[in-house]
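> Here it is, the structure in full.
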Ligand SMILES: Cc1cc2nc3c(=O)[nH]c(=O)nc-3n(C[C@H](O)[C@H](O)[C@H](O)COP(=O)(O)OP(=O)(O)OC[C@H]3O[C@@H](n4cnc5c(N)ncnc54)[C@H](O)[C@@H]3O)c2cc1C
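Numbering (the working numbering), first residue to last: 764 to 1169.
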């Protein structure tokens, strides 16, 4: 397929090499990962094939492709990165192979932009090398966390330390044995206005008083060994030097972190939906029902054609948002990032659902990637902000623009 937006030679070359690596190395590894996942004893350990693939991807120069900074990352613009992320998104575990997976990417961006030299040396350097992993703990079970100003965990200052008590949940990646650090968002300045109460703190996973309570499941998928977990903080103490940025800047840092992170999720979802469509086409051409191939039935044709239209629409909107993010930064591109965060997960859910339907019972089984893909896409209608929050923010922004225009 031709490029919907012309890319630079460098991005084109990286993409060609990435596609080859996916075809030659990542796709064949899926069976080994699935076999590992099926073993109850080993599934919370890291499959050795992941570390092998990481080593080889790094050796091939396919590493930290998400980071626009050329010293630490590949130096690609968001527009250049979009097709690469789409290709990685085809296989759920693939982004990690290229050190481009959430939540590490967002955490690396935060440390890169706001971390002190000491924080960067201790945490950013090993993250960039893929030696450790990390989590981002904002959501809490007891408050509506889609409104980040509700986040209630207290970060109490005592001398040169902060003391943390409370619960977090849905912290992605914190069950991974390689997860060494969390970025925790909580209230350090309770007297300040609602956008300046929160701060972000680096909390080592081995801090006394920090405990994984349980892994959570999305429709039965626990995404081992990374997991999405509930965490208990009982009198956890960290040095005050673990604060990221200024006290009270947590809300602003969260906004900066979520801009590129959201758009990366959408790029990957376009890839996942594209793979589902390809599976649909393949199935429709090879299986017969009622005297003709499935693809000969009008309703199957409609499912295929609609899916193609919707994927291409979402891809173009993603590229538009990426270009705007490059041009205007997070703030200027806020509406478009919100729009694609509304559009891409819904689109992916619809397309994957149609692909499941066309595969019959097989589509729901562990023999296909589709059921897990659906769970992942459905979760993204909530993670990084539920649809309704983005819809409300978009509408408010349009109403404000209209008012300002008058
Ligand atoms: C797989 C997965 C991974 C995740 N990973 C992380 C992670 O790594 N770190 C982290 O901190 N969090 C993570 N989350 C949590 C996620 O970001 C939250 O679930 C999400 O922000 C919603 O917060 P909540 O669950 O508290 O829902 P609530 O805030 O209670 O909202 C519930 C519902 O209320 C409705 N609603 C809310 N606001 C509005 C509005 N303005 N208008 C209309 N309706 C509204 C929406 O339908 C919303 O879904 C993850 C979630 C999932 C499912």
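Glycine included, every Cβ here is placed at the ideal spot set by N, Cα and C.
1) Going by other Cβ atoms of all chains shown within 10 Å of its Cβ, with 16 needed for buried, is residue 804 buried or exposed?
2) Suppose you measure from the CA of residue 1144 to the CA of residue 876; what does that come to, to the nearest Å?
3) Looking at C-alpha atoms only, which residue of 850, 872, 1010 is the closest neighbour of residue 735?
4) Just verifying my parser: in three-state terms, what is the DSSP assignment at residue 791?
5) Here's a check: name, in chain order, each residue in its chain whose Cβ is nearer than 8 Å to the Cβ of residue 1031, leaving out the five neighbours to either side.
6) Given residue 992, which residues of its chain have a CB within under 6 Å of its CB, disregarding the five upstream and five downstream residues?
7) Please report how far the alpha carbon of residue 901 lies from the alpha carbon of residue 1019, in whole angstroms.
8) Going by beta-carbon coordinates alone, are residue 862 and residue 897 separated by less than 7 Å?
9) Is residue 1128 buried or exposed, if buried means 16 or more other CB atoms sit within 10 Å of its CB?
10) Could you check if residue 868 is buried or exposed, using at least 16 other CB atoms within 10 Å of its CB as the buried criterion?
11) Can you find the residues in the same chain that come closer than 8 Å, C-beta to C-beta, to residue 1021, ignoring five residues on each side of it along the sequence?
12) Residue 997 by DSSP, collapsed to three states: which one?
13) Three-state secondary structure (DSSP) at residue 1002?
14) Ligand 1 and residue 901: does any heavy atom of the ligand fall closer than 6 Å to the residue's C-beta?
15) Measuring from the CB of residue 991, is there a heavy atom of ligand 1 at a distance below 6 Å?
16) Would you give the residue range spanned by the alpha helix (DSSP H) that residue 1062 belongs to?
17) Need the endpoints of the beta strand (DSSP E) that residue 942 sits in, please.
18) Where do the ends of the beta strand (DSSP E) carrying residue 978 lie?
19) Apart from the five residues on each side of it in sequence, which residues of its chain come closer than 6 Å, Cβ to Cβ, to residue 864?
20) I need the straight-line Cα distance from residue 1107 to residue 1033, nearest angstrom please.
21) Of all the beta strand (DSSP E) runs that stay within the bounds of the segment 888-913, which reach a length of 3 or more residues?
22) Just to check, is the beta-carbon of residue 1149 closer than 6 Å to a non-hydrogen atom of ligand 1?
23) Please identify the residue among 1023, 1066, 1051 whose C-alpha is closest to the C-alpha of residue 1041.
24) Could you please give the first and the last residue of the uninterrupted beta strand (DSSP E) stretch that includes residue 925?
Let me spell this out:
1) Indexing the chain shown from 1 puts residue 804 at position 41. With fewer than 16 Cβ atoms within 10 Å of its Cβ, residue 804 is classed as exposed.
2) In the chain shown, counting from the first residue as 1, residue 1144 sits at position 381. In the chain shown, counting from the first residue as 1, residue 876 sits at position 113. Answer to the nearest angstrom: the Cα atoms are 27 Å apart.
3) Past the edges of the chain, shown from 764 to 1169, lies residue 735, and the structure says nothing about it.
4) As a working mapping, residue 791 is identified with position 28 in the chain shown. Residue 791: helix per DSSP, three-state reduction.
5) By 1-based counting over the chain shown, the position of residue 1031 is 268. Counting only Cβ-Cβ distances below 8 Å, and skipping sequence neighbours, we find 848, 849, 851, 852, 858.
6) The sequence position of residue 992 within the chain shown is 229, counting from 1. If we look at residue 992 and ignore the five residues flanking it on each side, its Cβ neighbours are 934, 937, 938, 975, 978.
7) For the purposes of this step, residue 901 is taken as the residue at position 138 of the chain shown. For the purposes of this step, residue 1019 is taken as the residue at position 256 of the chain shown. Straight-line spacing of the CA atoms in residue 901 and residue 1019 works out to 14 Å.
8) Position 99 of the chain shown, counted from the first residue, corresponds to residue 862. Position 134 of the chain shown, counted from the first residue, corresponds to residue 897. Pairing residue 862 with residue 897 gives a Cβ-Cβ distance that is not under 7 Å.
9) If you number the chain shown from 1, residue 1128 lands on position 365. If you draw a 10 Å sphere on the C-beta of residue 1128, you find fewer than 16 other C-beta atoms in it, and that means exposed.
10) One-based indexing of the chain shown puts residue 868 at position 105. Classification for residue 868: buried.
11) Mapped onto the chain shown, residue 1021 falls at position 258. Closer than 8 Å at the Cβ level, and outside the excluded window around residue 1021, lie 869, 1147, 1148.
12) Within the chain shown, numbered from 1, the residue matching residue 997 stands at position 234. Correct three-state label for residue 997: strand.
13) What you label residue 1002 is simply residue 239 of the chain shown in a count that begins at 1. Three-state DSSP puts residue 1002 in a strand.
14) To locate residue 901, count along the chain shown from 1; it is residue 138. Checking the Cβ of residue 901 against ligand 1 gives yes.
15) For the purposes of this step, residue 991 is taken as the residue at position 228 of the chain shown. Yes, since a heavy atom of ligand 1 falls inside the 6 Å radius drawn around the Cβ of residue 991.
16) Locating residue 1062 in the chain shown gives position 299, counting from the first residue. Residue 1062: member of the alpha helix (DSSP H) spanning 1061-1095, first to last residue.
17) As a first step, residue 942 is located in the chain shown; it is residue number 179 there, counting from the start. First-last of the beta strand (DSSP E) with residue 942: 942-950.
18) Locating residue 978 in the chain shown gives position 215, counting from the first residue. It spans 973-978 - the beta strand (DSSP E) in which residue 978 sits, taken as one unbroken run.
19) In the chain shown, counting from the first residue as 1, residue 864 sits at position 101. Shown here for residue 864: same chain residues with a beta carbon closer than 6 Å to its own, the five before and five after excluded, namely 858 in chain order.
20) Within the chain shown, numbered from 1, the residue matching residue 1107 stands at position 344. Within the chain shown, numbered from 1, the residue matching residue 1033 stands at position 270. So the two alpha carbons sit approximately 7 Å from each other.
21) As far as the segment 888-913 is concerned, its whole beta strand (DSSP E) runs of at least 3 residues are 896-900.
22) For this step, residue 1149 is matched to residue 386 along the chain shown. Answer for residue 1149: yes, Cβ within range of ligand 1.
23) Taking the first residue of the chain shown as position 1, residue 1041 is located at position 278. The candidate whose alpha carbon is nearest that of residue 1041 is 1066.
24) As a position in the chain shown, residue 925 is number 162, starting the count at 1. Element bounds for residue 925: 924-935.
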